[in-house]
Structure formats: structure tokens, C-alpha cells
Amino acid sequence: MIDYTCPRRSNLDRHMKSHTDERPHKCHLCGRAFRTVTLLRNHLNTHTGTRPHKCPDCDMAFVTSGELVRHRRYKHTHEKPFKCSMCDYASVEVSKLKRHIRSHTGERPFQCSLCSYASRDTYKLKRHMRTHSGRTSPLTLLGRFKRHCLQVEKRDLLGFVI
Numbered sequence: 001m002i003d004y005t006c007p008r009r010s011n012l013d014r015h016m017k018s019h020t021d022e023r024p025h026k027c028h029l030c031g032r033a034f035r036t037v038t039l040l041r042n043h044l045n046t047h048t049g050t051r052p053h054k055c056p057d058c059d060m061a062f063v064t065s066g067e068l069v070r071h072r073r074y075k076h077t078h079e080k081p082f083k084c085s086m087c088d089y090a091s092v093e094v095s096k097l098k099r100h101i102r103s104h105t106g107e108r109p110f111q112c113s114l115c116s117y118a119s120r121d122t123y124k125l126k127r128h129m130r131t132h133s134g135r136t137s138p139l140t141l142l143g144r145f146k147r148h149c150l151q152v153e154k155r156d157l158l159g160f161v162i
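Going by the UniProt record's numbering, 43 is the number at position 43 of the sequence shown; the sequence numbering is gapless.
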């Protein structure tokens, strides 16, 4: 059981829906289903291109209010409301704080289904999974591309590559 508290009953109802697979609100354009009317409404905005949440500080606009809040924190207010209780770390997003806390606890909840590898976050697990598929990781490709660009620069400057 998760220890969750909230100021209003509607918040609790919304939270409880996050624990169910029930998705009664269906998009009439593509058939995708959602847990809440709000999530469906946000999704419909992606079909129409509507971005009703305008930033008061710049010309940006967003599909959801959450995207607007995140944008304002990153670009304008630099507010980091999610603080680690074990060190001075603070974050704009709760998900980043949760990942950070795992660096203190050692928890690695994202397990590879093909070997014993486990990770603190999904990004590292996805990167690891490429070792099983034989696909080259984007970081490796980026390194190769940077080396190639440096060689081209040297050739252009010196007329040859050392």
C-alpha cells in the first residue's frame, strides 16, 4: 500500500484511477482509451494541434498544464520544488528526484529480462538492452561522428590527417 495524502477527494479519486487498468474514455479519432476525461481532452488536443496552455513569460504554448509548469520551471523560474531529504539535491520533476534517491538507496528496480543487469532508470536499461540486440548505441555512434568531424577539420586545416 502506498502512503498517499491529498487535500481534496477529487485528487484521491484521480490517484486511485492510476492503480487500475480501466480506461473508459475513448478517442473517437484513433480509438486510444484513457483513464480520465482530462487525459482524453489533452490527447484530443494533439490531434487538433490545440495548445491551450500559454506561457505568460514567452510565446510558447502547451497541450497540458503540466507541460507548461515544467517549461516555466526549466526556462523561467528555475524553481526546484522536489528536494532530497538525504542531501542538497533538488529537482524540477518528481521523477528525477525518485531516480536520484535510488543513488542513495542502491535500489535498481528496472531489471533486464535477458541477464542479471538492473538499473536505477529506464533509460539505462534501454541502453543496456541494445547490447543484446547487437544494435549500436547512439552514444557510440555520436562518438564515432565526433571523431569523424575532427578528422575532417584536421584535413581541411592541414591538408592531411595525422
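We put the beta carbon where it would ideally sit given N, CA and C, even for glycine.
Element boundaries [alpha helix (DSSP H), containing residue 132]: Within the sequence shown, residue 132 is the residue found at index 132, counting from 1. 122 to 133 is the extent of the alpha helix (DSSP H) around residue 132.
Assigned exposure category for residue 71 - 16 Cβ within 10 Å defines buried: On the sequence shown, position 71 is the one that residue 71 refers to. Its Cβ being crowded by 16 or more others within 10 Å, residue 71 is buried.
Of the listed residues 127, 104, 57 and 39, nearest to residue 78 (C-alpha basis): The residue labelled residue 78 in the question sits at position 78 within the sequence shown. If we check each option's Cα against that of residue 78, 57 comes out closest.
Which of helix, strand or coil DSSP assigns to residue 10: On the sequence shown, position 10 is the one that residue 10 refers to. In this structure, residue 10 counts as helix in the three-state DSSP scheme.
Residues sharing a beta bridge with residue 34, DSSP: Stepping through the sequence shown from its first residue, residue 34 is reached at position 34. 25.
Simplified DSSP assignment, three categories, for residue 43: The residue given as residue 43 occupies position 43 in the sequence shown. Helix, per DSSP.
Cut-off 6 angstroms between Cβ atoms - residues of its own chain near residue 6, not counting five sequence neighbours on either side: Position 6 of the sequence shown holds residue 6. Hits under 6 angstroms: 12.
Own chain residues within Cβ distance below 8 angstroms of residue 108, not counting five before or after: Position 108 of the sequence shown holds residue 108. The residues are 102, 118, 119 and 120.
Separation of residue 50 from residue 66, as counted between CA atoms: Mapped onto the sequence shown, residue 66 falls at position 66. Mapped onto the sequence shown, residue 50 falls at position 50. If I take the Cα positions, the gap works out to 15 angstroms.
Distance, residue 150 Cα to residue 93 Cα: Translated into positions along the sequence shown, residue 93 becomes position 93. Translated into positions along the sequence shown, residue 150 becomes position 150. When rounded, the distance between both Cα atoms is 36 angstroms.
Cβ pair residue 69, residue 46 closer than 8 angstroms: What you label residue 69 is simply residue 69 of the sequence shown in a count that begins at 1. What you label residue 46 is simply residue 46 of the sequence shown in a count that begins at 1. Their beta carbons are not under 8 angstroms apart, which means residue 69 does not touch residue 46 by this criterion.
Cβ shell of residue 111 (< 7 angstroms), same chain only, five flanking positions each side left out: Residue numbering aside, residue 111 sits at position 111 when the sequence shown is read from its first letter. Cβ neighbours of residue 111 beyond the five flanking positions: 118.
Pair within 8 angstroms by beta-carbon distance, residue 36 and residue 54: Residue mapping note: residue 36 aligns to position 36 of the sequence shown, counting from 1. Residue mapping note: residue 54 aligns to position 54 of the sequence shown, counting from 1. Not closer than 8 angstroms, so no.
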